[in-house]
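K.L.:
Protein chains in written order, with my numbering: chain X, 1 to 436; chain D, 1001 to 1391.
Next up is a structure, given as structure tokens.
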Ligand code: SF4
Ligand code: SF4
């Protein structure tokens, strides 16, 4: 057995499939574009992943900067811990979302991006208030620092499991009468609806392939890991590439890669190489931990556990439920997109989704990774767990970590919980096997 | 009939406050066939619509420090505030079994998600997440909100089996205007003579309004105002403070008492904002939903649960409260794990720093038992302000 302490540090060689390399290159190119924005005369819009309006932002020749992605990068690079502490030192509460604190701490320490260069101050904060209350305060906090134009777009909550005409009208009005005119003003670029349509068409193409890829998890012997691997897969489309040719190419490429693995009967590729036998098929609810991402993932693949579907990969859009950006209804479609993202769905809808996943992806059960500082995801997860168990008859388990605060990742605890969970799955199997 | 004394009034309010079976609301419901009760959580709902439907709006503010939470804890991780778990406790232990509907205002993600939990746990009870606009343009946020209220009105019409007429709504608005006026009067009176109206008494008097019909509560307010004005109480050399952050989960009554014992007079607070949310009178002529919507957009309180579109305005409500009440400092008392309060706090503190207003901060939970640390902190704060002003 390898020394766990050694694996916790960055090992020299990490195995990656070609799509991961391509993905990394795209993300790196994006960060270069961002850090060179001022030199290149590009204007920068900061906005959030859920409800990000990348197609619209591109209509104004702006580059999109996503503070959550910066926090994730800081987490993966093990810098977020210090950033969070920095923010707490300056008066932020230990109780609140660590993404916000990582962002604020990073700003205090020079706002250095993953490429080692300083990230630009945004020209505009596009506060797309979708699915999480923290967004409101986060951009109020950033506005206080940057003193830049802040554009607000409210997405009503889908509390009754449906989108009403009033919700759509409200969003369309906000977009037409406020968001778009103000983006025109900040950017100096006139809005061209045909340009938006063109981007939306491209979005839909990539979305088709993304759905195909995520749904390949339905195969028994899944070719993908839809949580840990899924995070790489969603990167481009949830970030700055939706609506571009790059995204179309990337997802086409990824789709081919997945098809090859299916044809060869292979499972997902992990940082330690191709995954061995698929012993457990899991559905995971909640975001991952990023400060110990590889160590966390390893706890799964070492045990032969593949995540076949996850809710986290739906925070930037629930495409597998049929939504596609629609060029024929360019403004309405943006509204519908924001309304449908995972965290904007009511708790009963979230439960339905997890139950569907367990059934359709033939999963052994549900695992919830509850994030200490994320009320949007976490409040209600214990009820979700019970309901899903009741409705599927499959075992569920609960672990607790944080997104980017390393203080809340206890490897021993998580490992223990996972081990007993896998035992539970085994027991369930043998008891249903015996009953059959 | 002789006029009741403050002691008598407070004794009555205390009984209402401690009664987690909501006997008063149950009795109101039983007094007449077909009556219905609609519960609501913080921070704001237009109670006028419920009243106009002939129903009783009932404020549900968690279980306080007297209730043992057993079931509720099984629904929430340790890092989530207390009010949703004690509210669930109230629900599963049957204390809300007479409530015909529940409203979950859009204050934060915890209450938002609780709305879905309620639907699943109590499927036979009408429940609604009450969304409000965070944009304040008439044509945009205003229209959205008017339509949301119209939907709610329709829901209640179906639930109650009666039409809610514009006249009934205007009449209810009138009654709530009066109630708000009285509460403002009480707040003004306390700001002028805080020794005559201690914070915990004012709290209990206002809190009674969350369980009593508005007509009855207005009488109670008048009685308390008259009694508090008439009674001479000793003046202490206390420091005048504004307390903020109390807008959702309730502080234990002891916390309010401790502040005063520590040498602070509370001259303003953001407790039970639903009773003062709308500033000034809402017109009682014309389209009532439009009027309520206008009041919400343009004449309503600022709080952490709201988006402030204007950077220059951020936190100014607090500076104004300090000036208006002659306060000497601000106490940030926030619920542990409360996103709105705790994310907002640093910005408000910056605004106060710029305005040279001293402040301190601590956290509480509805079931906090130990008041000693809070008392010490508040005491030191009060003393240091006194020292400064003497220097
Ligand atoms: S969804 Fe959770 S992690 Fe993301 S900003 Fe909101 S609270 Fe933070
Ligand atoms: S106390 Fe704060 S976090 Fe908790 S429900 Fe109320 S507003 Fe939300």
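All C-beta atoms in this analysis are idealised placements derived from N, C-alpha and C, irrespective of residue type, glycine included.
Keep in mind it's a predicted model, so treat the numbers as computed, not measured.
Return the residues of the region 1109-1127 of chain D that lie within a Cβ-Cβ distance of less than 8 angstroms from chain X, sorted by chain order.
P.N.:
Correct list: 1109, 1110, 1112, 1113, 1114, 1115, 1116, 1117, 1119, 1120 and 1121.
K.L.:
What would DSSP say about residue 1306 (chain D), mapped onto helix, strand or coil?
P.N.:
Here residue 1306 (chain D) sits in coil by DSSP.
K.L.:
Just how far apart, CA to CA, sit residue 110 (chain X) and residue 118 (chain X)?
P.N.:
Distance between the alpha carbons of residue 110 (chain X) and residue 118 (chain X) is about 7 angstroms.
K.L.:
Closer than 9 angstroms, Cβ to Cβ, to anything on chain X: give me those residues from the region 1294-1311 of chain D, in chain order.
P.N.:
Within the region 1294-1311 of chain D, the qualifying residues are 1304, 1305, 1306, 1307, 1308, 1309 and 1311.
K.L.:
For residue 344 (chain X), which residues in the same chain have their Cβ closer than 8 angstroms to its Cβ, ignoring the five residues on either side in sequence?
P.N.:
Cβ within range, chain order: 50, 51, 130, 131, 155, 157, 158 and 338.
K.L.:
Any Cβ of chain D within less than 7 angstroms of the Cβ of residue 91 (chain X)?
P.N.:
By this cut-off, residue 91 (chain X) is an interface position.
K.L.:
Do residue 1265 (chain D) and residue 1240 (chain D) have their C-beta atoms closer together than 7 angstroms?
P.N.:
Cβ distance < 7 angstroms, so residue 1265 (chain D) and residue 1240 (chain D) count as in contact.
K.L.:
Going along chain X, which residues have a C-beta under 7 angstroms from residue 1337 (chain D)?
P.N.:
Ordered by position in chain X, the residues that pass the 7 angstroms Cβ test against residue 1337 (chain D) are 95.
K.L.:
Output the boundary residues of the beta strand (DSSP E) element that contains residue 65 (chain X).
P.N.:
From DSSP, the beta strand (DSSP E) with residue 65 (chain X) extends over 62-65.
K.L.:
Could you spell out the range, first to last residue, of the beta strand (DSSP E) harbouring residue 285 (chain X)?
P.N.:
Start and end: 280-285.
K.L.:
Does the pairing of the region 136-152 of chain X with the region 303-315 of chain X give three or more beta-carbon distances under 8 angstroms?
P.N.:
No, because fewer than three Cβ pairs between the region 136-152 of chain X and the region 303-315 of chain X fall closer than 8 angstroms, the two stretches do not touch.
K.L.:
Of the residues that make up the region 146-175 of chain X, which ones have a beta carbon closer than 7 angstroms to any beta carbon in chain D?
P.N.:
Of all residues in the region 146-175 of chain X, 147, 152, 154, 156, 157, 159, 166, 170, 173 and 174 have a Cβ within less than 7 angstroms of some Cβ in chain D.
K.L.:
Quick one: complete beta strand (DSSP E) runs, 3+ long, within the region 66-142 of chain X?
P.N.:
If we require 3 residues or more, the beta strand (DSSP E) runs fully inside the region 66-142 of chain X come out as 124-129.
K.L.:
At least one CB of chain X closer than 7 angstroms to the CB of residue 1144 (chain D): is that the case?
P.N.:
Answer yes: the Cβ-Cβ gap between residue 1144 (chain D) and chain X drops below 7 angstroms somewhere.
K.L.:
Can you list, in chain order, the residues of the region 1080-1103 of chain D whose Cβ is nearer than 8 angstroms to any Cβ on chain X?
P.N.:
Result list: 1080 and 1084.
K.L.:
Taking C-beta to C-beta, are residue 1044 (chain D) and residue 1297 (chain D) nearer than 7 angstroms?
P.N.:
Cβ atoms of residue 1044 (chain D) and residue 1297 (chain D): not closer than 7 angstroms.
K.L.:
Kindly list the residues whose CB is nearer than 7 angstroms to the CB of residue 1110 (chain D), restricted to its own chain and excluding five residues on each side of it in sequence; keep chain order.
P.N.:
Result list for residue 1110 (chain D): 1080, 1081 and 1084, in chain order.
K.L.:
Considering only residues of the region 1018-1077 of chain D, which uninterrupted beta strand (DSSP E) runs meet the minimum length of 3 residues and lie entirely inside it, listed in chain order?
P.N.:
Correct list: 1037-1040 and 1056-1059.
K.L.:
Counting by C-beta, which residues lie closer than 5 angstroms to a heavy atom of ligand 1, in chain order?
P.N.:
Going along the chain, the residues that qualify are X:97, X:99, X:132, X:134, X:374 and X:376.
K.L.:
Using only CA atoms, which one of X:97, X:78, X:192 and X:205 lies nearest to residue 325 (chain X)?
P.N.:
Ranking the options by Cα distance to residue 325 (chain X), first place goes to X:205.
K.L.:
Compare the C-beta of residue 348 (chain X) with all C-beta atoms of chain D and state if any pair is closer than 7 angstroms.
P.N.:
Yes, because at least one Cβ of chain D sits closer than 7 angstroms to the Cβ of residue 348 (chain X).
K.L.:
Going by the CB atoms, is the gap between residue 1336 (chain D) and residue 1365 (chain D) shorter than 7 angstroms?
P.N.:
Yes, they are a contact pair.
K.L.:
Does the distance from the C-beta atom of residue 1071 (chain D) to that of residue 1037 (chain D) stay below 7 angstroms?
P.N.:
Contact: no.
K.L.:
Tell me where the beta strand (DSSP E) around residue 1363 (chain D) begins and ends.
P.N.:
1359-1364 is the span of the beta strand (DSSP E), which, as asked, contains residue 1363 (chain D).
K.L.:
If we define contact as Cβ-Cβ less than 7 angstroms, is residue 1177 (chain D) a contact residue for chain X?
P.N.:
With 7 angstroms as the cut-off, residue 1177 (chain D) does not count as an interface residue toward chain X.
K.L.:
For residue 152 (chain X), does the three-state DSSP call read helix, strand or coil?
P.N.:
Reduced to three states, the DSSP call for residue 152 (chain X) is strand.
K.L.:
List the DSSP bridge partners of residue 1278 (chain D).
P.N.:
Answer is D:1300, bridged to residue 1278 (chain D).
K.L.:
Secondary structure at residue 438 (chain X), three-state DSSP: helix, strand or coil?
P.N.:
The structure shown does not extend to residue 438 (chain X), since chain X is modelled only from 1 to 436, so the question has no answer here.
K.L.:
What is the rounded straight-line gap between the Cα of residue 429 (chain X) and the Cα of residue 358 (chain X)?
P.N.:
If you take the alpha carbons of residue 429 (chain X) and residue 358 (chain X), they lie about 15 angstroms apart.
K.L.:
Alpha carbon to alpha carbon, how far is residue 1375 (chain D) from residue 1382 (chain D)?
P.N.:
Answer to the nearest angstrom: the Cα atoms are 10 angstroms apart.
K.L.:
Measuring only between beta-carbons, confirm whether residue 88 (chain X) sits less than 7 angstroms from chain D.
P.N.:
No, residue 88 (chain X) lies away from the interface with chain D (no Cβ there is under 7 angstroms from its Cβ).
K.L.:
For residue 44 (chain X) versus residue 63 (chain X), is the C-beta distance shorter than 7 angstroms?
P.N.:
Yes, the Cβ-Cβ distance between residue 44 (chain X) and residue 63 (chain X) is below 7 angstroms.
K.L.:
Answer with buried or exposed for residue 1027 (chain D), where buried requires no fewer than 16 other C-beta atoms within 10 angstroms of its C-beta.
P.N.:
Exposed, because fewer than 16 other Cβ atoms sit within 10 Å of the Cβ of residue 1027 (chain D).
K.L.:
Measuring CA to CA, which of D:1218, D:1089 and D:1183 is closest to residue 1075 (chain D)?
P.N.:
For residue 1075 (chain D), the nearest C-alpha among the options comes from D:1089.
K.L.:
Excluding five sequence neighbours on each side, which residues of the same chain lie with their C-beta closer than 8 angstroms to the C-beta of residue 1223 (chain D)?
P.N.:
1003, 1004 and 1009, listed in sequence order.
K.L.:
Cα separation between residue 1263 (chain D) and residue 1197 (chain D)?
P.N.:
The straight-line gap from Cα to Cα measures roughly 15 angstroms.
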